[in-house]
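Residue 205 in my numbering is what sits at position 170 of the sequence shown, and the numbering runs on without skipping anything. Cβ atoms here follow ideal geometry from the backbone N, Cα and C, with glycine treated the same way.
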Amino acid sequence: MLTKKQLDLLEFIHTRMQRDGVPPSFDEMKDALDLRSKSGIHRLITALEERGFIRRLAHRARAIEVVKLPESMGGASTAKGFKPRVIDGPHPSTSKPANLGSDRVNLNARELPVMGKIAAGVPIEAISHVDHHVAVPGQMLAAGSSHYALEVKGDSMIDAGINDGDVVIISETNTADNGDIVVALVEDQEATLKSFHRSGRSIALEAANPAYETRVYPEDKVKVQGKLVGLIRTY
């Protein structure tokens with residue numbers, strides 16, 4: 036599943052190519068999506084290309100080919116099942132995490148979709164893509180809530196005990212209290228794992244590593260996608 040901005044851009048490119056036979060310019064894309072700079076368009080174009088929706092042709096100006104369309108635009112479905120609307124990237128392997136303990140614990144385990152990677156560093160592109168599933172002890176999960184898992188990429192949360200390569204368990208929610216560690220979708224383009232802090236109409240996404248600066252956004256630029264409830268580490 037694509038983010039709203041990625042889907043909007045793909046639809047704009049497709050519509051213009053159907054009408055004019057050539058793709059729009061980056062300036063036209065920027066204006067159509069109401070972005071402040073073309074760097075955001077470059078990120079969206081790269082994300083669409085990596086997902087296989089478009090192809091950039093070398094040595095030709097403004098040469099973009101639409102390869103396929105998502106189901107919402109009349110194409111084949113690109114994701115099935117649970118859709119938390121986040122996260123980028125494939126998992127490096129399809130292996131299960133370390134032994135979950137006793138048979139009693141395993142009997143109570145639930146299979147959760149691993150939705151790729153979440154940045155514990157600078158934000159990365161946000162998509163919904165089930166990479167594989169992981170078994171999680173039932174007592175780690177909140178009753179009545181939907182959950183998904185993500186593989187951590189980066190070291191910005193190491194002081195909170197979250198390391199590169201860990202699998203974090205996320206309870207799907209769109210609200211958070213100050214101090215909660217959340218999956219935050221920034222400007223409908225990028226997702227990151229950070230500590231959430233609200234002050235007035237601003238939201239700060241704070242790392243747990245002094246090497247990373249706290250990023251502050253207007254409240255309408257940040258959407259909480261879930262809250263950290265557990266962690267699995269494989270040795």
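Counting only runs that start and end within the stretch 201-249, where is the beta strand (DSSP E) found for 3 or more residues in a row?
202-206, 216-221, 225-234 and 237-241
What does the alpha-carbon distance come out to for the pair Asp244 and Gly189?
For the record, residue 244 in the displayed sequence is Asn; it is not Asp. Spanning the two alpha carbons is a distance of roughly 11 Å.
Buried or exposed by the 16-neighbour rule on C-beta atoms within 10 Å, applied to Arg86:
buried
Apart from the five residues just before and just after Asn134, which ones in its own chain have a Cβ nearer than 7 Å to its Cβ?
Caution applies to Asn134, whose pLDDT of 43 falls short of 50 and renders its modelled position unreliable; the model cannot decide the point.
Grouping DSSP H, G and I as helix and E and B as strand, with all else coil, what is Lys188?
strand
So the beta strand (DSSP E) Gly261 belongs to, where does it begin and stop?
Val257 to Ile267
Taking contact to mean 3 or more Cβ pairs, one atom from each stretch, closer than 8 Å, check whether the stretch 61-70 and the stretch 239-258 are in contact.
no
With 16 other Cβ atoms within 10 Å as the buried cut-off, status of Glu248:
exposed
Which of helix, strand or coil DSSP assigns to Ile197:
coil
Run through the DSSP bridge pairs and tell me what Pro148 is partnered with.
His168
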